[in-house]
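Read left to right, the sequence shown gives residues 121 to 433 (the working numbering).
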Amino acid sequence: MSGDLTEENFFTKWCLALRPFSFPASITPVILGTVASVAVGGASFNIFHFLLALIGMLALHGASNLLNDVYDFKLGLDTKVFPVSGAVVRKLISLEAALKASILLYLFGGLIGIFLALNSTLHLLWIGLLGLFIGIGYSYVRIGLKYRALGDFCVFLDFGILGTLGAWTLQSHSPSWIPVLWSVPIGLHIIAILHANNWRDIQSDGKKGSVSIAAILGDKGSFYYYGFLIFMPYILVVLYIFVPDFDGSGVRLPLGSLATFLSLPLAIKLLAKASQRGAPRNELDFVALDGSTARLNLLFGGLLILGFVMFFF
Numbered sequence: 121m122s123g124d125l126t127e128e129n130f131f132t133k134w135c136l137a138l139r140p141f142s143f144p145a146s147i148t149p150v151i152l153g154t155v156a157s158v159a160v161g162g163a164s165f166n167i168f169h170f171l172l173a174l175i176g177m178l179a180l181h182g183a184s185n186l187l188n189d190v191y192d193f194k195l196g197l198d199t200k201v202f203p204v205s206g207a208v209v210r211k212l213i214s215l216e217a218a219l220k221a222s223i224l225l226y227l228f229g230g231l232i233g234i235f236l237a238l239n240s241t242l243h244l245l246w247i248g249l250l251g252l253f254i255g256i257g258y259s260y261v262r263i264g265l266k267y268r269a270l271g272d273f274c275v276f277l278d279f280g281i282l283g284t285l286g287a288w289t290l291q292s293h294s295p296s297w298i299p300v301l302w303s304v305p306i307g308l309h310i311i312a313i314l315h316a317n318n319w320r321d322i323q324s325d326g327k328k329g330s331v332s333i334a335a336i337l338g339d340k341g342s343f344y345y346y347g348f349l350i351f352m353p354y355i356l357v358v359l360y361i362f363v364p365d366f367d368g369s370g371v372r373l374p375l376g377s378l379a380t381f382l383s384l385p386l387a388i389k390l391l392a393k394a395s396q397r398g399a400p401r402n403e404l405d406f407v408a409l410d411g412s413t414a415r416l417n418l419l420f421g422g423l424l425i426l427g428f429v430m431f432f433f
């Protein structure tokens, strides 16, 4: 890779722009909802619909990342380049190019959603429309949900709840509360990814009038909130397995879901890095905490999915 970022090739530029490090947040819910619907819900697996849903979700996620970069840059929130920064702040692509690509990806993802709804169940329309509104409203300045301390709720609902519910509904042709409840653990880790980003940017975001949960809680409160977000999923897994009717669904999480505890050492390591944010051993430990948290989300989610696979077979 060239040391001069302006000479990056086309693929690298757009890979940076789409921020694929965050894609596990959209991939994991789709796989979880699909596997759960087959293993527990008794649905017949349609691989074509699954692959289309995965492609559509990635397209919409990439569109949201680009739109977020556009408005963050316009509002002066993105001024520094971090390891996980997009291509706009690096000046690798123009605002106009990012906006056009975002619109195209939204259209592409939306068309996939319509096709799936027409060939599966129309319940997918309201799930998709709600997700689309949140995705656009998250960054679009006239709505600006993320700038009004609603970002955490938006990513929890969009990538955690709706992603899992949509995948379940696609395979089973009927929505259910089961995937909604079981998506909460990965939804909390998805919030943690965003919170790590907002926590790092408290000072710069505050100067531009952007309000986040991290800004409201302050540095110390953000540390405890981050700890809650990364450790509460493990408690929920135990409750979903061993406490009858804890979630009201009457269906227990598969015992194999305890495999998620194999990711616990990474969660402990991340909290330790966060606790040393004032004097980190490595200056990137806190700066890149969002990327590290995304890896935790991927590992935890993958192990949770593995639990369902073991239950099915």
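Note that CB positions come from ideal geometry on N, CA and C, so glycine has one too.
All figures in this text were calculated on a predicted structure; none of them were measured in a lab.
Contact under 8 angstroms by Cβ, residue i with residue j
i                 : j              : result
isoleucine 350    : alanine 312    : yes
valine 275        : leucine 314    : yes
alanine 145       : alanine 316    : no
leucine 244       : threonine 289  : yes
histidine 309     : proline 374    : no
leucine 416       : alanine 387    : yes
serine 222        : leucine 265    : no
glycine 176       : isoleucine 232 : yes
leucine 282       : leucine 249    : no
alanine 207       : leucine 136    : yes
leucine 252       : alanine 179    : no
alanine 399       : leucine 409    : no
phenylalanine 432 : valine 158     : yes
Presumed contact (8 angstroms Cβ cut-off) between residue i and residue j, rounded CB distance
i             : j                 : result
serine 383    : leucine 426       : Their Cβ separation, rounded to whole angstroms, is 11 angstroms, which puts serine 383 and leucine 426 out of contact at 8 angstroms.
valine 429    : valine 155        : 6 angstroms
glutamine 291 : phenylalanine 165 : 6 angstroms
proline 149   : serine 303        : 6 angstroms
tyrosine 344  : tryptophan 319    : At roughly 11 angstroms, the Cβ-Cβ gap does not stay under 8 angstroms, so tyrosine 344 and tryptophan 319 are not in contact.
Three-way DSSP call (helix, strand, coil) for residue i in this model
i              : result
valine 160     : coil
serine 122     : Note that serine 122 has pLDDT 42, beneath the 50 cutoff, so the model's placement of it is unreliable and the number below is only indicative. Three-state DSSP puts serine 122 in coil, outside helix and strand.
valine 407     : helix
asparagine 78  : Only positions 121 to 433 of the chain appear in the structure, and residue 78 is not among them; the question remains open.
isoleucine 232 : helix
alanine 399    : coil
histidine 293  : coil
alanine 80     : Look at the range of the chain in this structure, 121 to 433, and you will see that residue 80 is not part of it.
serine 303     : coil
tyrosine 260   : coil
leucine 197    : coil
isoleucine 281 : helix
glutamate 127  : A caution first: glutamate 127 carries a pLDDT of 49, below 50, which makes its placement in the model unreliable, though a value can still be read off. Reduced to three states, the DSSP call for glutamate 127 is helix.
For residue i, the residue or residues it bridges with in DSSP
i            : result
arginine 268 : Val331
Query raised in the report: Between the region 207 to 222 and the region 165 to 172, are three or more C-beta pairs nearer than 8 angstroms?
Result: no
Requested in this report: For the region 257 to 277 and the region 238 to 249, state whether three or more C-beta atom pairs, one from each stretch, are separated by less than 8 angstroms.
Outcome: no
Query raised in the report: Between the region 320 to 340 and the region 257 to 271, do at least 3 Cβ pairs fall closer than 8 angstroms?
Result: yes
Query raised in the report: Contact between the region 245 to 263 and the region 177 to 187: three or more CB pairs below 8 angstroms?
Result: yes
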